[in-house]
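Numbering (the numbering used here), first residue to last: 2 to 329.
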């Protein structure tokens with residue numbers, strides 16, 4: 002393009018699925034105005050175009066500190082993430098994509114099973130509690146199928162369960178490993194290193210999840226660490242939460258009115274997962290309390306649901322402050 006007389010003045014932006022060391026210098030030498038990692042988000046693309054067309058061209062725009070801070074994987078893996086909670090699914094997929102892996106999504110156990118029947122993934126991260134087919138049933142079906150195919154599909158459980166024997170149940174169902182939720186980047190990296198061919202004995206793959214502090218609505222420092230300090234990712238997760246949380250509260254209230262303990266437990270579980278991944282410790286704790294009440298049938302449920310609804314208002318306000326940079 003630079004050698005073509007009619008094209009040499011064109012503004013060029015590079016979009017890539019994986020960053021490599023030395024790309025900054027190559028972009029600068031070639032006169033490339035911006036360098037973005039796919040999938041590109043709307044705000045990020047808008048800012049890149051604005052700077053490319055109207056800003057300084059002294060150096061190319063390198064987004065998300067791709068080349069300076071992220072460790073490229075020794076092996077680009079094909080990873081299936083099976084998770085029905087949109088906030089949890091997006092967080093896991095974004096963390097994997099930022100590490101250069103190819104990510105496939107499934108929103109329930111049946112979708113995950115169908116995907117695994119069609120192809121072999123380098124790794125499957127599977128939520129334990131999913132609709133249609135849970136994360137303990139799907140691995141059993143895959144392991145039965147593998148008796149014929151003679152191929153082993155690595156499957157790692159993602160679960161927030163903390164009851165005695167949960168790890169053993171996951172492994173007994175055919176899982177290869179166990180990743181506690183809410184997901185933490187360092188624990189995810191330890192799991193990935195096992196299947197990318199770079200085991201790190203100093204970073205154990207399985208660590209007990211420490212409970213988020215329940216004193217503040219949102220732990221901003223923890224949330225930034227959980228998302229690799231990616232404010233745009235936080236904004237995306239918050240938008241999803243804003244859409245899903247009121248709907249789940251409404252489902253929970255209808256379940257209470259209809260005395261449907263199963264629906265109430267599912268709604269509370271989904272809220273607990275979203276709140277935990279957003280580092281909203283108090284809200285996650287209340288949602289977990291409501292989930293336990295629904296599971297045991299030990300009502301009344303209304304007071305606990307009212308407390309959760311009130312806390313969600315505080316959580317949303319705290320998340321807004323983080324997204325606008327108004328940190329305490």
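A virtual CB, placed ideally from N, CA and C, is assigned to each residue, including glycine.
Using the DSSP secondary-structure output, state which residues sit across from residue i in a beta bridge.
i: residue 178; result: 157
i: residue 124; result: 80
If you reduce the DSSP assignment to three classes, tell me which class residue i lands in.
i: residue 271; result: helix
i: residue 325; result: coil
i: residue 228; result: coil
i: residue 281; result: coil
i: residue 3; result: coil
i: residue 259; result: coil
i: residue 106; result: strand
i: residue 101; result: coil
i: residue 251; result: helix
i: residue 304; result: helix
i: residue 289; result: helix
i: residue 185; result: coil
i: residue 170; result: helix
i: residue 131; result: coil
i: residue 86; result: coil
i: residue 299; result: coil
i: residue 41; result: coil
i: residue 318; result: helix
i: residue 219; result: coil
i: residue 236; result: helix
Using a Cβ-Cβ cutoff of less than 7 Å, which residues in the same chain neighbour residue i once the five nearest sequence positions on both sides are dropped?
i: residue 41; result: 16
i: residue 177; result: 155, 156 and 157
i: residue 288; result: 269, 272, 273, 276 and 309
i: residue 291; result: 269, 302, 305, 306 and 309
i: residue 239; result: 320 and 324
i: residue 1; result: Beyond the ends of the chain as shown, which are 2 and 329, falls residue 1; an answer cannot be given.
i: residue 225; result: none
So, at 6 Å on beta carbons, what are the nonlocal neighbours of residue i in its own chain, with the 5 sequence-adjacent residues on each side left out?
i: residue 183; result: 277 and 278
i: residue 234; result: 95 and 228
i: residue 31; result: none
With a CB to CB cut of under 8 Å and the five nearest residues on each side skipped, what residues in its chain are close to residue i?
i: residue 296; result: 262 and 266
i: residue 14; result: 33, 34, 35, 36, 37, 49, 50 and 53
i: residue 250; result: 268, 272, 306, 309, 310 and 313
i: residue 44; result: 233 and 236
Which word fits residue i, buried or exposed, when buried means at least 16 other C-beta atoms lie within 10 angstroms of its C-beta?
i: residue 237; result: buried
i: residue 132; result: exposed
i: residue 188; result: buried
i: residue 151; result: exposed
i: residue 293; result: exposed
i: residue 203; result: Note that residue 203 scores 39 on pLDDT, short of 50, meaning its location in the model is unreliable and no value can be drawn from it.
i: residue 109; result: buried
i: residue 222; result: exposed
i: residue 90; result: buried
i: residue 280; result: buried
i: residue 4; result: exposed
i: residue 298; result: exposed
i: residue 231; result: buried
i: residue 175; result: buried
i: residue 9; result: exposed
My understanding is that residue i touches residue j, with C-beta atoms under 8 Å, so please give their C-beta distance in whole angstroms.
i: residue 1; j: residue 111; result: What is shown of the chain runs 2 to 329, which leaves residue 1 out entirely.
i: residue 139; j: residue 113; result: 6 Å
i: residue 128; j: residue 169; result: Contact flag wrong, Cβ pair sits at about 18 Å.
i: residue 218; j: residue 285; result: Between residue 285 and residue 218 the Cβ distance is about 11 Å, and since that is not below 8 Å, they are no contact.
i: residue 126; j: residue 88; result: Not a contact, Cβ separation roughly 15 Å.
i: residue 78; j: residue 123; result: 4 Å
i: residue 93; j: residue 107; result: About 12 Å separates the two Cβ atoms, so there is no contact after all.
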